[in-house]
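The block underneath contains the structure these notes are about, expressed in structure tokens.
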Amino acid sequence: MIFLNGAESELHAGDTVADVLARMGLAPDAKGIAVAVDDGVVPRGEWRDFALPEDARVEVLTAMQGG
Amino acid sequence: MSDELVIAGRTLRSRLLLGTGGFPSLELLEEAIRASGSELVTVALRRVDPSARGSLVDVLAATGVQLLPNTAGCHTARDAVLTAELAREAFQTDWVKLEVIGDEDTLLPDAPELLLAAEQLIDAGFVVLPYTTDDPVLARRLQDLGCAAVMPLGAPIGSGMGIRNPYNLALLREAVSVPVVLDAGIGTASDAALAMELGCDAVMAASAVARAQDPVRMAHAMRLAVAAGRLAAGAGRIPRRTYATASTPDEGRPQFAS
Chain X
1 MIFLNGAESE LHAGDTVADV LARMGLAPDA KGIAVAVDDG VVPRGEWRDF
51 ALPEDARVEV LTAMQGG
Chain F
68 MSDELVIAGR TLRSRLLLGT GGFPSLELLE EAIRASGSEL VTVALRRVDP
118 SARGSLVDVL AATGVQLLPN TAGCHTARDA VLTAELAREA FQTDWVKLEV
168 IGDEDTLLPD APELLLAAEQ LIDAGFVVLP YTTDDPVLAR RLQDLGCAAV
218 MPLGAPIGSG MGIRNPYNLA LLREAVSVPV VLDAGIGTAS DAALAMELGC
268 DAVMAASAVA RAQDPVRMAH AMRLAVAAGR LAAGAGRIPR RTYATASTPD
318 EGRPQFAS
């Protein structure tokens, strides 16, 4: 089971970060986005090839209003 | 007259930093940014919300401001460092407003975790602007670690209580040579002016603007207050006296028959 932003998802181990973004309706080069997998940053340049491990916890983050 | 603020080699013409949290709409946020004249605004990093309406990133890009990502909500150095690294990836900036919170009710900083996070982020090449207490010793420790500025509170975040300890703030100002940005506690324009009069280099306003009844008008007021306080600080105020000192000379005063 892959967790996406804290919720169970239909993603599978082996899917790439680019697959995650596509599933969320985000462009593969979306601005203002950062991705963490299991508490590690996945740099933008690795999104296309980075494959999710089993039971990965994926966080897809962006700018929100804040002080 | 040129009176620019320089932080980590970057020149800012405005001495007002603006928080983006709490605005009723992105349209009001954009208007308030323009009215404030601010060139540096904070943003938070949160999970993508597929139902979100409008793009904060696009709105901010349209105003031309520099983004200052924060680590709001982090309670440990570890979380703050990871959040800063993700923000660097998302926004392509090394700058971070470092917040490490130690208490849920007051949102006061956790000093040991703050120092630890600051050290790690500076080692990783970040430009660190830490949200700190008004403790001059802690501010100096943060400066000595290599922080680009310090951001002491006037009062707890969102409290609107103003500057509760002007003496500490003045001592803190003397204790460090990096820019001092008064953060948190500002309630209205006079608080911002006082911060500048006490020698702060800049003021950060968030809730005071965003949650005002008319955020755009308050943004304008803050801009003027920061400028006025800065001018007054440079002008040098008169000393306080217990008794009156006549401002009109007695010499030449006519004598009237009694």
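From first to last, the protein sequence lines stand for chains X and F. Under our numbering, think of the first position of the first sequence as 1, with each following residue one higher. Under our numbering, think of the first position of the second sequence as 68, with each following residue one higher. Backbone N, C-alpha and C define an ideal beta-carbon position, used for all residues, glycine too.
Here the C-alpha atom of F:R77 lies approximately 28 Å from the C-alpha atom of F:D177.
Within chain X, the residues N5, M24, L26, I33, V60, L61, T62 have their CB atoms less than 8 Å from the CB of F:V115, given in chain order. Given a length threshold of 4 residues, each whole run of the alpha helix (DSSP H) inside the stretch 112–148 of chain F is given here in chain order: 123–130.
At least one CB atom of chain F sits nearer than 8 Å to the CB of X:P43. Beyond the five residues adjoining it in sequence on each side, F:P203 comes within less than 6 Å, by CB distance, of L238, L239, A242 in the same chain, given in chain order.
Counting along the chain, the unbroken alpha helix (DSSP H) around F:G301 starts and ends at 282–302. The residues E97, I100, R101, in chain order, have a CB closer than 7 Å to that of F:T130 in the same chain once the five nearest residues on each side in sequence are set aside. X:A13 counts as exposed, since fewer than 16 other C-beta atoms from the protein chains shown sit within 10 angstroms of its C-beta. Legend: CB atoms of the stretch 216–230 of chain F lying less than 9 Å from CB atoms of chain X belong to residues I224, G225. For the stretch 86–116 of chain F, the residues whose beta carbon sits under 9 Å from a beta carbon of chain X are, in order, G86, T87, G88, G89, F90, L93, L96, T109, V110, A111, L112, R113, R114, V115, D116.
Note on F:F158: 16 or more other CB atoms within 10 angstroms of its CB, so buried under the neighbour-count rule. Burial check for F:Q210: the Cβ neighbour count within 10 Å reaches 16 or more, so the residue is buried.
Judged by DSSP in its simplified three-state form, X:E8 adopts strand. Judged by DSSP secondary structure, F:I74 falls within the beta strand (DSSP E) whose first and last residues are 72–74. At least 8 Å separates the beta-carbon of F:V217 from that of F:L188.
Just measuring C-alpha positions, the residue of F:V245, F:C141, F:R297, F:T160 sitting nearest F:S257 is F:R297. DSSP, read as helix, strand or coil, puts X:M24 in coil.
If you draw a 10 Å sphere on the C-beta of X:M1, you find fewer than 16 other C-beta atoms in it, and that means exposed. By the neighbour-count definition (other C-beta atoms within 10 Å, threshold 16), F:A128 is an exposed residue.
Legend: CB atoms of the stretch 120–150 of chain F lying less than 7 Å from CB atoms of chain X belong to residues L123, V124, N137, A139, L149. Look at F:F158: its C-beta is under 8 Å from a C-beta on chain X. Beta-bridge analysis with DSSP links F:E97 to no other residue.
Distances from the alpha-carbon of F:V270 to those of F:L123, F:L291, F:V283, F:R278 put F:L291 closest. For X:D39, a Cβ of chain F is located within less than 8 Å of the residue's own Cβ. Scanning F:L182, F:L79, F:L84, F:A299 for the CA closest to the CA of F:R208 turns up F:L182.
Out of F:L79, F:T150, F:G225, the CA that lies nearest to the CA of F:T87 is found in F:G225.
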